[in-house]
Every structure is written in C-alpha cells, then in structure tokens.
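Enquirer: One structure coming up, written as structure tokens, with questions to follow.
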Amino acid sequence: MTMNVYAIRAIYKFEMSRTRRTLMQSVISPVIATSLYFVVFGAAIGSRIAEVEGISYGAFIVPGLIMLSLLTQSVSNASFGIYFPRFTGTIYELLSAPVSYMEIVVSYVGAAATKSVVLGLIILATAAFIVPLRIEHPVWMMLFLVLTSVTFSLLGFIIGIWADGFEKLQLIPLLVITPLTFLGGSFYSIDMLPPFWQTVSLFNPVVYLVSGFRWSFHGVADVSVGVSLAMTGVFLAVSLAVVAWIFKTGYRLKA
Amino acid sequence: MQPTISVTNLSKTYASGFRALNHINLDIRQGEIFALLGPNGAGKTTLIGIICGIVNPSAGTIRVDGHDIVAHYRAARSLIGLVPQELTTDAFESVWNTVSFSRGLFGKPANPAHIENVLKDLSLWNRKDSKVMTLSGGMKRRLLIAKALSHEPRILFLDEPTAGVDVELRRDMWRLVRSLKASGVTIILTTHYIDEAEEMADRIGVINKGEIILVEEKTELMRKLGRKQLTLHLEQPLARVPAALSAYNLELAGNGGELIYTYDERGDRTGITALLQALPAAGIRFKDLHTTQSSLEDIFVTLVREKK
C-alpha cells in the first residue's frame, strides 16, 4: 500500500460531516458577522468615507473582511478537528491505524481548508449583494484564497496539537490572529499610516496576505504581489516544517 | 512456526522518568488466546499501546507477522484491531458511520455487508442509526469491538474488554471471542477478572512492575502451580496436630475442627491413603472431607506477592 486513500477519504468525510452537523457555527455565524461588517463599515460609515486608492470604501474592505474570516475560521476549524479526538481519546484509533503522518495532515487540513474556501466564496457572494464588486484577477484571487486557507489550516492543526485545553484553542485566534488582521490593512491601506507605522506593519505577515488578495480584486496593493505570494509560501513552508517536526517527535500525540 | 507477534528486549521509560516496561521478551502464537494478567500499573496497557503504535518504545523491537512495527507500520497495523480500555467514542456520530469510518481508516474499501454482520454479531444492528451518545455503557463497549473488527483484523487486542459490563454481556463477549478464535484470529486480552483468563485463555502471561514474570500454557500453569488440598472435618476439635502425624505437614483450621493436608496430585503417591490410615491410629475421627484446587487467581496473587 503506497498511500492509504481510503483513510484520507474517511477522515475528510468525517470532518466534512462535522461541518454539516455544526452548520450554524461553521458557516452561518461567520457569514452573518461579516455581513454586519459590510453593513456597518461598508454601507453606513463607508458612505461617509472618501474613496481609497480610487476604490469605494465598501469595495475596498471586501478582500480584508474575507481574509479576516478565512484566517480565523481556518485556524479554528483545523484546531478543533484534531484537538477534539485528543480531548475525547478517540485519537487512539488514528494513531493505531496504518496511516502516514502526511495522510493525516492532508485529510484534516484538506477538510478545514475546504470549509474555509467555501466560506470565503459564500462571504464573497454575500458581499456582492451589498457593495459593487469586481475581481480583476479571479485566478489569482482563487490562488490566494486556497493558499491562505491551507496555510492557516496548517497553523490551526499545529495549535490543535499544542493546546492542552479548550481555552488555548481560542488563545491564538483571539490574541494573535484577529489583532494582526485588524492591523494588517483589512480596513485601510498601510499607505494611510505614518512612515514609522508603515515600517512596523511590514513585520505583520497578514499585511502580505491582505495586500495580495486585494490586488487580485482591485489591482492595487500595499506591497508587490510577488512579495505577497512569496511570503504566503514562506508561511506555508514554516507551518509544514513545524507539522513535520510534530509527527517526527510525536509531540503531544504519543507518550 | 513464526510467532504472530514477537517482542524483543522492549523497554519504555516515560518522560517523567517512570520505567513502565523493562526488557520485555514475548512471543504470541498464531491463533491463540493469550491473557496478559497483572496488577494496576504493571505495564499491560503500555505494552499494548506500543505494539499498536500509540506509544513510542524507548528500546527494543516488535514484529507483527514478520513486519517491524516502526519500519513497516502499515503492514503491521493493518493486521491489528484494538479495543481500548476506556470508552472513547465519537459521541455525535451514528453507529454505522463510526464503524464505517474505522474500516476506511485501516485502508479497506467500503463493505456494507461486513459492517452489517459485525453489528448483528454484537447486537447493535437495531441501533445502527442511533447517535453514539445515546448508547448505554455496554453498547459502547460492543461498539468499540465493532470498530476494531470493522477492517477484518487477524490480531485483536482486547484491553479489559469486560470491565463494567453485566454478566450476560460478558458471556456474549466470551462467545464472540471464541468464534473469532475459531476463525483464526489471534486474541490478546488483558483482564482483571482472573476467571475470564481461566475460562478463555490458551496461554497466560503475568506482568508485574514492567517485567514479564511468567508465560505458560494455562493448563500447564494450573498443573505446575496448582496445589490441591484435602480438608478433613473432625468429629472432635484438636488443640494441636498430634506428633504422630507431623510427617504430613498438616494445618489446623476452623478452631481446630478442620485438618488440612496439602499435596501434589502429580506425584506417584499423594500420601492420602497413608494419612487416612494414620488418623484412626492417632485417635482422630472425621465426619466429612473434601478437596480443593488452587484457582488461577490464587496462583496470580501468589506470583505477584512473591515478586514484591
């Protein structure tokens, strides 16, 4: 057996069925929350804000808002997916099965990323009803959507293995990812900041994700799209390296 | 014949420094029921955990049907089914889905007919669409067995399979284990119920403080270590054993009303005839007698106590 395709399919199906069971929490809640952002920042406050880089404020924030949901949902879906079997003890079955570490990661992260991509597209469709929208580079938009979902699902997977309690599952999304996303140019262009804070912002990895994603919509970016893509690739590589280390050492999985 | 499982010099020391297993050597034969006995914390679950891939070994090697469990983990693990001690289940899934999930996880294509048979054998068929959380404790135990059997393993580990289940279910499980053995499945069970091992096992291993202290055919073990005792119920109680009977190493019990003679039934002469002839000469009359044989439990307790 070179690859346990049945196991990948079983885990993927299991995780997707969890999404269906928790449809309200997995899909509907983020859609409602994002729609409220559009209503408040796009339609209400946005109507009093001048255009940003020639784009109406409502349309300008669409990529950032999608990215905000994408990052938090990818992390929370993937972290919960692997943490829950650890918490209940059903992880014994996964560890005793003829499944390679790569197959475990592909199936869990694949399922979490699928949910995120679907969620991102639903939010995009929702946004199209509220604000006028155009997508200049749809292929690049999908590429950033998929790459970001996979990368942050991997991060979520790592958090799900690292966490030893439910509160820790929420720690990184609440204390790290949400602030970085808010400060990563979701609601503004970093060109609008004083020079010092522009430099500080360049240390925020989310800036590159939002910038690249926004470029695929509007053709304008805070940093060049090549740099955005490269940075996304770097995050992906780092996350993969950490996951490989976890499975090599059995960290928090095997005594 | 090549053993189904071969454990060589296996040791495990946890990060805390606790040495759970110490140079374990053990061979499990194909098609046998092997009972692993030992007190709490002896290392039974750690040993099973390492063979199944849940716990990392510190040293030593394990081969399952000739496959190294680390280098050829796919081949080794696909042969094994594990029923864990704890009732760990996917509470929100249906019985059918969770058993089908296990089959897929172990690399087998869907086979609804097999899953149906397993669920019927374990009296879970009428609950196939129920969520796991709605099952009773006994049903959850059976569900764990169904999950372990879903991929048609050739080796089945049962870690305390009948803990907390009622007598009827226990007997059902014994029947199931026997039918699995009849179909050629090798079964390794740990249990605290010595009568379970006595009833089921072909061979018995005793583990204590991380060391295997004995591996023996059950019947041979009973024969080797099983003492027989003759108890004589006396008409008149005795204050002490008469000197004329000192050669028989008799014990007094029941406030002097019982005289106990311990003997080895394997010997050519048990000494019973001579003793019974010597009693009247010593002025002792008895009104009743009976013999008893050590149970596996007595043997186990003796072994573990000797090692303390």
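Chain order of the listed sequences is C and S.
Per our numbering, residue 1 is the first one in the first sequence, and the count goes up by one each step.
Per our numbering, residue 1001 is the first one in the second sequence, and the count goes up by one each step.
Yeah, the Cβ is synthetic: ideal placement off N, Cα and C, and Gly gets one too.
This one's a predicted model, so the numbers in the text were calculated from it and none came from an experiment.
Does the stretch 42-61 of chain C touch the stretch 173-185 of chain C, meaning 3 or more C-beta pairs lie closer than 8 angstroms?
Expert: no
Enquirer: When DSSP labels each residue in this structure, what does Phe-1034 of chain S get in the three-state scheme?
Expert: Start at 1 with the first residue of the second sequence, and residue 1034 of chain S comes out as number 34. Note: Phe-1034 of chain S maps to strand in three-state DSSP.
Enquirer: Just tell me which of S:Ile-1272, S:Arg-1285, S:Phe-1300, S:Thr-1186 has its CA closest to the CA of Pro-1003 of chain S.
Expert: Counted from its first residue, the second sequence places residue 1003 of chain S at position 3. For the residues S:Ile-1272, S:Arg-1285, S:Phe-1300, S:Thr-1186, the minimum Cα distance to Pro-1003 of chain S belongs to S:Thr-1186.
Enquirer: Thinking Arg-1051 of chain S and Ile-1069 of chain S are a contact (beta carbons under 8 angstroms), I'd like their distance in whole angstroms, please.
Expert: Here residue 1051 of chain S refers to the residue found at position 51 when the second sequence is read from its first residue. Here residue 1069 of chain S refers to the residue found at position 69 when the second sequence is read from its first residue. Before going further, note that residue 1051 of chain S is Ile rather than Arg in the sequence given. With 8 angstroms as the limit, Ile-1051 of chain S and Ile-1069 of chain S qualify as a contact, their Cβ atoms being about 7 angstroms apart.
Enquirer: Taking contact to mean 3 or more Cβ pairs, one atom from each stretch, closer than 8 angstroms, check whether the stretch 1202-1214 of chain S and the stretch 1258-1267 of chain S are in contact.
Expert: no
Enquirer: Output yes or no for whether 8 angstroms exceeds the beta carbon distance between Gly-1031 of chain S and Gly-1283 of chain S.
Expert: Here residue 1031 of chain S refers to the residue found at position 31 when the second sequence is read from its first residue. Here residue 1283 of chain S refers to the residue found at position 283 when the second sequence is read from its first residue. No; because the gap between Cβ atoms is not below 8 angstroms, this pair is not in contact.
Enquirer: Count the other C-beta atoms from every protein chain shown that fall within 10 angstroms of the C-beta of Arg-20 of chain C, then say buried if there are 16 or more, exposed otherwise.
Expert: Along the first sequence, read from residue 1 onward, the residue named residue 20 of chain C stands at position 20. Classification for Arg-20 of chain C: exposed.
Enquirer: If you check the beta carbons only, do Tyr-57 of chain C and Ile-82 of chain C fall under 8 angstroms apart?
Expert: If you number the first sequence from 1, residue 57 of chain C lands on position 57. If you number the first sequence from 1, residue 82 of chain C lands on position 82. No; because the gap between Cβ atoms is not below 8 angstroms, this pair is not in contact.
Enquirer: With DSSP collapsed to three states, give me the class of Thr-126 of chain C.
Expert: Stepping through the first sequence from its first residue, residue 126 of chain C is reached at position 126. DSSP places Thr-126 of chain C in helix when its eight states are reduced to three.
Enquirer: How long is the line joining the alpha carbons of Glu-1297 of chain S and Arg-1227 of chain S, rounded to whole angstroms?
Expert: On the second sequence, residue 1297 of chain S is found 297 positions in, with the first residue counted as 1. On the second sequence, residue 1227 of chain S is found 227 positions in, with the first residue counted as 1. Using only the alpha carbons, I get a separation of about 12 angstroms.
Enquirer: Give the interface partners of Asp-1121 of chain S over in chain C, defined as CB-CB distance under 8 angstroms, in chain order.
Expert: Translated into positions along the second sequence, residue 1121 of chain S becomes position 121. In chain order: nothing, as chain C lies at least about 20 angstroms away.
Enquirer: For Ser-1150 of chain S, which of S:Lys-1140, S:Ser-1100, S:Glu-1199 has the nearest alpha-carbon?
Expert: By 1-based counting over the second sequence, the position of residue 1150 of chain S is 150. Ranking S:Lys-1140, S:Ser-1100, S:Glu-1199 by Cα distance to Ser-1150 of chain S puts S:Ser-1100 first.
Enquirer: Is the Cβ of Gly-250 of chain C closer than 8 angstroms to any Cβ of chain S?
Expert: Translated into positions along the first sequence, residue 250 of chain C becomes position 250. Closer than 8 angstroms to some Cβ of chain S, the Cβ of Gly-250 of chain C qualifies, so yes.
Enquirer: Output the residue ranges of the beta strand (DSSP E) runs that lie fully inside the stretch 1078-1149 of chain S and measure 3 residues or longer, sorted by chain position.
Expert: Correct list: 1080-1083.
Enquirer: Could you give the C-beta distance for Val-1083 of chain S and Leu-1144 of chain S, rounded to a whole number, given that I count them as a contact under 8 angstroms?
Expert: The residue labelled residue 1083 of chain S in the question sits at position 83 within the second sequence. The residue labelled residue 1144 of chain S in the question sits at position 144 within the second sequence. Sure, about 5 angstroms apart at Cβ, within 8 angstroms.
Enquirer: Return the Cβ separation of Leu-1087 of chain S and Lys-1140 of chain S in integer angstroms, given the expectation that the two are a contact with Cβ distance under 8 angstroms.
Expert: Counted from its first residue, the second sequence places residue 1087 of chain S at position 87. Counted from its first residue, the second sequence places residue 1140 of chain S at position 140. The Cβ separation is near 5 angstroms, so the contact holds.
Enquirer: Pick helix, strand or coil for Asn-77 of chain C, following the three-state DSSP scheme.
Expert: Within the first sequence, residue 77 of chain C is the residue found at index 77, counting from 1. Assigned with DSSP and collapsed to three states, Asn-77 of chain C falls in helix.
Enquirer: Should Leu-209 of chain C be labelled buried (16 or more other beta-carbon atoms within 10 Å of its own) or exposed?
Expert: Locating residue 209 of chain C in the first sequence gives position 209, where the first residue counts as 1. Buried is the call here.
Enquirer: When every heavy atom of the ligand SAH is checked, does at least one fall within less than 7 angstroms of the C-beta of Ser-96 of chain C?
Expert: In the structure shown, the ligand SAH is absent, as is every other ligand, since no ligand is present at all.
Enquirer: Which residues in chain S have a C-beta closer than 7 angstroms to the C-beta of Leu-95 of chain C? List them in chain order.
Expert: Working through the first sequence from its first residue, we reach residue 95 of chain C at position 95. Under the 7 angstroms cutoff, chain S gives Gly-1053, Ile-1054.
Enquirer: Leaving aside the five residues before and after Leu-169 of chain C along the sequence, list all residues of the same chain whose C-beta is less than 8 angstroms from its C-beta, in chain order.
Expert: Against the first sequence, residue 169 of chain C aligns to sequence position 169. Ser-76, Ser-79, Phe-80, Tyr-83, Ile-159, Gly-160, Ala-163.
Enquirer: Between the stretch 1018-1038 of chain S and chain C, which residues of the former have CB atoms less than 8 angstroms from a CB of the latter, in chain order?
Expert: none
Enquirer: Check each residue of the stretch 62-90 of chain C: if its Cβ is closer than 7 angstroms to any Cβ of chain S, include it; give the result in chain order.
Expert: Thr-88, Gly-89, Thr-90
Enquirer: Give a yes or no on whether the minimum CB-CB distance between Val-242 of chain C and chain S is below 8 angstroms.
Expert: As a first step, residue 242 of chain C is located in the first sequence; it is residue number 242 there, counting from the start. So no, Val-242 of chain C is outside the interface.
Enquirer: Taking Cβ to Cβ, would you say Val-207 of chain C is nearer than 8 angstroms to Asp-222 of chain C?
Expert: Against the first sequence, residue 207 of chain C aligns to sequence position 207. Against the first sequence, residue 222 of chain C aligns to sequence position 222. Cβ distance < 8 angstroms, so Val-207 of chain C and Asp-222 of chain C count as in contact.
Enquirer: At the level of alpha carbons, what is the spacing between Leu-1180 of chain S and Lys-13 of chain C?
Expert: Translated into the one-based positions of the second sequence, residue 1180 of chain S becomes position 180. Translated into the one-based positions of the first sequence, residue 13 of chain C becomes position 13. Cα-Cα distance, rounded: 30 angstroms.
Enquirer: Helix, strand or coil for Thr-249 of chain C? Go by DSSP, reduced to three states.
Expert: By one-based count along the first sequence, residue 249 of chain C stands at place 249. Looking at Thr-249 of chain C - three-state DSSP - the assignment turns out to be helix.
Enquirer: Among S:Leu-1275, S:Thr-1219, S:Arg-1269, which has the Cα closest to the Cα of Leu-1245 of chain S?
Expert: For this step, residue 1245 of chain S is matched to residue 245 along the second sequence. The option with the nearest alpha carbon to Leu-1245 of chain S is S:Leu-1275.
Enquirer: I'd like to confirm the pairing. Which residues does DSSP put opposite Glu-1217 of chain S in its beta bridges?
Expert: If you number the second sequence from 1, residue 1217 of chain S lands on position 217. Glu-1217 of chain S pairs with S:Arg-1203.
Enquirer: Answer yes or no: do Arg-1154 of chain S and Leu-1214 of chain S have a C-beta to C-beta separation smaller than 8 angstroms?
Expert: On the second sequence, position 154 is the one that residue 1154 of chain S refers to. On the second sequence, position 214 is the one that residue 1214 of chain S refers to. Not a contact, by the Cβ cut-off of 8 angstroms.
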